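Trainee: Numbering (my numbering), first residue to last: 34 to 107.
Beta carbons are placed, not taken as given, at the ideal position from N, Cα and C, and that holds for glycine.
In this text the structure is predicted, and so the values were computed from the model without any measurement.
#1: In the DSSP assignment, what residue or residues form a beta bridge with residue 66?
#2: For residue 59 and residue 50, which I take to be in contact (beta-carbon distance under 8 Å), what is that distance rounded to the nearest angstrom?
#3: Quick one: using the 10 Å Cβ neighbour count with 16 as the cut-off for buried, is residue 52 buried or exposed?
#4: Helix, strand or coil for residue 91? Go by DSSP, reduced to three states.
#5: Apart from the five residues just before and just after residue 95, which ones in its own chain have a Cβ nearer than 8 Å to its Cβ?
#6: Under 7 Å Cβ to Cβ from residue 104, same chain only, skipping five residues before and after it: list those, please.
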């Protein structure tokens, strides 16, 4: 679990951290593209709108986009 600090949650590093090594924020507050610590959840609607990827996939995606790019989800 994270620790609340003002308007943020500080998540400790480690294998239980649900967002992994990378967080790509989308335009809705609290929704983003990130790693999951539950690989079996990838491809299933089990969150509040985030897109969960494997660590290596989210890192690769981050090299192909930049802030302000449009994101289209199908």
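Mentor: By the coordinates alone:
#1: As a beta-bridge residue in DSSP terms, residue 66 pairs with 57 and 84.
#2: About 19 Å; that fails the 8 Å criterion.
#3: Classification for residue 52: buried.
#4: If DSSP states are grouped into helix, strand and coil, residue 91 belongs with the helices.
#5: The answer, listed in chain order, is 55 and 57.
#6: Hits under 7 Å: 59.
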